[in-house]
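Asks: Questions regarding the structure given below will be posed in turn.
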Amino acid sequence: MFLADTLSRAFPVIETVNDEPEMLNIAHTISKHNLPMSEKRIMQFKRETELDPELQIVVKHIQEGWPKSYKKVDNSVKLYYKVKNDLYINEGLLFINEKLIVPYSLRRDMLQLVHEAHFGIEKCKRRTREIMYWPGMNSDIENEVSQCGICEKFKKANSKEPLKPHTVPFRPFEKIGVDLMDFGNVSYLIIMDYYSKWMEIIELANKCADEVITKFK
1 MFLADTLSRA FPVIETVNDE PEMLNIAHTI SKHNLPMSEK RIMQFKRETE
51 LDPELQIVVK HIQEGWPKSY KKVDNSVKLY YKVKNDLYIN EGLLFINEKL
101 IVPYSLRRDM LQLVHEAHFG IEKCKRRTRE IMYWPGMNSD IENEVSQCGI
151 CEKFKKANSK EPLKPHTVPF RPFEKIGVDL MDFGNVSYLI IMDYYSKWME
201 IIELANKCAD EVITKFK
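Heads up: the sequence shown begins at 1 in full-length UniProt numbering, then just goes up one per residue.
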């Protein structure tokens, strides 16, 4: 179990899920069969993929076959050639494994979305690598975070909090600790009673705020 570190710092009666709803929706169930994004966002990705000259070369090679020689590949898509066996198209969207390939015109939006909660460079990289891809993505994330004025201002304030003692409540479920965890491909809501140490483990369909709130009810 991976509860001690988080629960030992959990002081509010209930910890709310504080993350970007759209990012969570994309992150936890994105696959070639299921894209829980808004229809508007899906159509935007399809449209921009069709308009992206670089991605259209990739699409053509996926449909018609890649050149046998790396030297014959257009310079703009040589990075895709190295992973050509992992590329596929699904309903107008381009994927590498189960990661959505982001058209050039939407990369700025995705960087802002990933960094909306002002996580550090490594956490932003880790979150982004799980769900999307474009060449040079890591460098773009590093630049986005390092140039963020808010992060620079509060850098010292974001130091890791030490473990703190807490008062033992008088009644069961007077104070609880809450966390989310993944095991295999399943997400869970973990609730621990500070009084009795009783633990509830509840399976989640996804980790968006609406699903977590519903399970609390």
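A virtual CB, placed ideally from N, CA and C, is assigned to each residue, including glycine.
From LYS125, GLY177, HIS61, PRO169, pick the residue whose C-alpha is nearest to that of residue 246; which is it?
Replies: Past the edges of the chain, shown from 1 to 217, lies residue 246, and the structure says nothing about it.
Asks: Taking the continuous beta strand (DSSP E) assigned at SER187, which residues delimit it?
Replies: Mapped onto the sequence shown, residue 187 falls at position 187. SER187 -> beta strand (DSSP E) spans 186–193.
Asks: Excluding the five sequence neighbours on either side, which residues of its own chain have a C-beta within less than 7 Å of the C-beta of LYS125, listed in chain order?
Replies: In the sequence shown, counting from the first residue as 1, residue 125 sits at position 125. Only ASN138, ILE141 meet the Cβ criterion.
Asks: Whole angstroms are fine: how far does the CA of GLU48 sit from the CA of GLU216?
Replies: As a working note, residue 216 is residue 216 in the sequence shown. As a working note, residue 48 is residue 48 in the sequence shown. The question names Glu, yet the displayed sequence has Phe at residue 216. Cα to Cα, the separation comes out at about 39 Å.
Asks: Does the beta-carbon of PHE95, which I'm using as the reference point, lie nearer than 6 Å to any heavy atom of the ligand SAH?
Replies: The ligand SAH is not part of the structure shown, which contains no ligands of any sort.
Asks: Kindly indicate the opening and closing residues of the beta strand (DSSP E) around GLY177.
Replies: Here residue 177 corresponds to residue number 177 of the sequence shown, with the count starting at 1. Where GLY177 is concerned, the enclosing beta strand (DSSP E) stretches over 176–183.
Asks: Under 8 Å by Cβ, that's how I've got LEU87 and ILE62 pegged, so tell me the actual separation to the nearest angstrom.
Replies: Locating residue 87 in the sequence shown gives position 87, where the first residue counts as 1. Locating residue 62 in the sequence shown gives position 62, where the first residue counts as 1. With 8 Å as the limit, LEU87 and ILE62 qualify as a contact, their Cβ atoms being about 6 Å apart.
Asks: What residue does the beta strand (DSSP E) around TYR88 start on, and which one ends it?
Replies: Residue numbering aside, residue 88 sits at position 88 when the sequence shown is read from its first letter. Counting along the chain, the beta strand (DSSP E) containing TYR88 begins and ends at 87–90.
Asks: Mapping the DSSP letters down to three states, classify LYS40 as helix, strand or coil.
Replies: By 1-based counting over the sequence shown, the position of residue 40 is 40. Three-state result, LYS40: helix.
Asks: Could you give the residue range of the alpha helix (DSSP H) that holds PHE216?
Replies: For the purposes of this step, residue 216 is identified with residue 216 of the sequence shown, where counting begins at 1. Its alpha helix (DSSP H) spans residues 209–216.
Asks: In angstroms, rounded to a whole number, what distance separates the CA positions of GLU200 and ILE190?
Replies: Your numbering for residue 200 matches position 200 in the sequence shown. Your numbering for residue 190 matches position 190 in the sequence shown. Rounded to whole angstroms, GLU200 to ILE190 spans 6 Å at the Cα level.
Asks: Specify, as a first and last residue, the run of the alpha helix (DSSP H) that LEU79 falls within.
Replies: Walking along the sequence shown from the start, residue 79 turns up at place 79. Taken as a continuous stretch (DSSP letters only), the alpha helix (DSSP H) holding LEU79 covers 78–81.
Asks: Roughly how many angstroms separate the alpha carbons of LYS153 and ASP210, rounded to a whole number?
Replies: As a working mapping, residue 153 is identified with position 153 in the sequence shown. As a working mapping, residue 210 is identified with position 210 in the sequence shown. Their backbone Cα atoms lie some 32 Å apart in a straight line.
Asks: Given that a residue counts as buried once 16 or more other Cβ atoms are within 10 Å of its Cβ, and exposed if not, what is THR167?
Replies: Counting from 1 along the sequence shown, the entry for residue 167 is found at position 167. It counts as exposed.
Asks: Is GLU116 helix, strand or coil by DSSP?
Replies: Here residue 116 refers to the residue found at position 116 of the sequence shown. Residue state, collapsed to three classes: coil.
Asks: Going by beta-carbon coordinates alone, are HIS118 and GLU144 separated by less than 7 Å?
Replies: Residue 118 sits at position 118 when you count from the first residue of the sequence shown. Residue 144 sits at position 144 when you count from the first residue of the sequence shown. Cβ atoms of HIS118 and GLU144: not closer than 7 Å.
Asks: Indicate whether LYS84 and TRP66 have their beta-carbon atoms separated by less than 7 Å.
Replies: As a first step, residue 84 must be located in the sequence shown, where it is residue number 84. As a first step, residue 66 must be located in the sequence shown, where it is residue number 66. Yes; because the gap between Cβ atoms is below 7 Å, this pair is in contact.
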